[in-house]
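> The sequence shown begins at 0 in numbering that gives the first Met the number 0 and counts up one residue at a time.
Each residue gets a CB set at the ideal place from its N, CA and C atoms; glycine is no exception.
Nothing here was measured: the structure is a model prediction, and the numbers come from that model.
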Amino acid sequence: MEPTGTQTARSDDVRAMILAAGLGSRLRPLTNYRAKPALPVQGRPVVSLLLELLAHNGVDQVLINLHHLPETIRDAVAGDHPEGMTIRWSEEPRPLGTGGGIRRAAGFLSGSDDCIVMAGDMLLDVDLSRLLALHRRSGRDVTLILREDSRGRDFGTIGIDARGLLTRIGKREVSQSSDRDRSVGPEQRKGLFTGVRFFSNTALSGWPTLDCPQSANAAQDAAQEVAFEDLRDWLAPRIEAGEILVGAEIVDGTTSVWEPVGTPAEYLDVNLCPPCLPSLGGDVKTWGGDLRPSPTEDGNVIAGSAEVPADASLDHCVVWDRERVPDGFRGRDGVYAGNAFHPCRSPE
């Protein structure tokens, strides 16, 4: 709950990063054709919906990191992004993990006192401006955004103490610091991690040197691009060393949206049962893209540029743009992409 008297912060002085360099292994074979953030949901790329959310909260400078099928994300953004937004790219020659990607982008992110970093594989609607105000008010170096969500049983949770400081990341307990002002109390609440982080400039340092060869050349070591995860390999050790304050805000599950797009089944579900996204206009008829009427009434999502013959039988399917479904084709609970049909649910 927002403290009484907290003012909603403008986000137009805040830079943002979307983490989009993952391989999308769990979403194969769909990610053999496009990177996960470029996959269309109701006719629009996931990354474009995230950019629109950022723009709604006043953010106009965004960096997107790339690795897997980078041209598919560039093309998606080129065709669908908020007017007036400046978008930069950080293309990684090898996967650097969430932390390595953030480190590579630190020069850009440090251009504002606070920055937002979010995952690029979800549909999201939270009040970023209000959460920014809470982050600033707290005096923390890092604030993670958690959600009250029963799916935490499957995805794991993060725990916080009475002050909102992290006590646990998944199954890893965060040890108390010897610094009394930064000590962590017993866990009081927990939530599902939404993939949204707020960083103050004070946090963008102390990078890990995992797998970095020992060398007398400090400058060479500093330039080494090391792959690591931000929560496990960077933030948790710094919490335990008493170097930074890392906490969380928990958003209400009834007033926020978090829908992952990490598996074929999740991708199909979010297309067939799209959420209301108030920041993007609410109903899918407002935020959705160019779709064509289905030849049947069986809940299909068909891109406007796709061709579906009248004798095809589709039942709860998604057809990507520029695809042509064969004559007489029959498909159920799947995606037609890359000139092939991909079932998205296991047979019962």
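With a threshold of 8 Å, are at least 3 pairs of Cβ atoms found where one atom belongs to the stretch 240-251 and the other to the stretch 102-113?
The stretch 240-251, when compared against the stretch 102-113, does not touch it at the 8 Å Cβ threshold.
> Just verifying my parser: in three-state terms, what is the DSSP assignment at L313?
The residue you call residue 313 lines up with position 314 of the sequence shown. Of the three classes helix, strand and coil, the one that applies to L313 here is strand, per DSSP.
> If you pair each beta-carbon of the stretch 34-41 with each one of the stretch 114-130, do three or more pairs fall below 8 Å?
These segments touch.
> Grab the span of the alpha helix (DSSP H) containing L105 for me, first residue to last.
Reading the sequence shown from its first residue, position 106 is the one you call residue 105. Checking the sequence, you will find Ala at residue 105 rather than Leu. Note, A105: alpha helix (DSSP H), 105-108.
> Who pairs with S199 in a beta bridge, going by DSSP?
The count along the sequence shown starts at 1 and reaches residue 199 at position 200. Beta-bridge pairing links S199 to D113.
> Could you spell out where the alpha helix (DSSP H) holding P236 opens and where it closes?
What you label residue 236 is simply residue 237 of the sequence shown in a count that begins at 1. First-last of the alpha helix (DSSP H) with P236: 235-239.
> Report the option in R139, V45, I159, K170 whose CA atom is closest to the CA atom of D153.
Position 154 of the sequence shown, counted from the start, is the residue given in the question as residue 153. Measuring from the Cα of D153, the nearest candidate turns out to be K170.
> Closer than 6 Å by C-beta to P273: which residues in its own chain qualify, once you throw out the five before and the five after it? Chain order, please.
Locating residue 273 in the sequence shown gives position 274, where the first residue counts as 1. Answer for P273: Q41, V283, listed in chain order.
> Check each candidate in V318, L133, D12, S24 and name the one with the smallest Cα separation from S304.
Taking the sequence shown and counting its residues from 1, the one referred to as residue 304 is at position 305. Answer by Cα proximity: V318.
> State the beta-bridge partners of Y266 as determined by DSSP.
To locate residue 266, count along the sequence shown from 1; it is residue 267. DSSP, once it has assigned bridges, lists no residue as partnering Y266.
> One question on the structure: do V76 and L127 come within less than 9 Å of each other, judged by their Cβ atoms?
In the sequence shown, counting from the first residue as 1, residue 76 sits at position 77. In the sequence shown, counting from the first residue as 1, residue 127 sits at position 128. Result no, Cβ atoms of V76 and L127 do not sit closer than 9 Å.
> DSSP three-state label for S204, please.
The sequence position of residue 204 within the sequence shown is 205, counting from 1. Coil at S204, not helix or strand.
> Contact between the stretch 52-71 and the stretch 18-30 is defined here as three or more beta-carbon pairs at a separation below 8 Å; is this criterion met?
Yes, they touch.
> Which residues does DSSP pair with H341 in a beta bridge?
Indexing the sequence shown from 1 puts residue 341 at position 342. Partner(s): V334.
> Keeping to the same chain, check which residues put their C-beta closer than 8 Å to that of V260; ignore five residues upstream and five downstream.
As a working note, residue 260 is residue 261 in the sequence shown. L26, K35, L38, V40, V45, D120, M121, L122, Y266, V269.
> G333 to G78, Cα distance in whole Å?
In the sequence shown, counting from the first residue as 1, residue 333 sits at position 334. In the sequence shown, counting from the first residue as 1, residue 78 sits at position 79. G333 and G78: Cα-Cα distance of roughly 25 Å.
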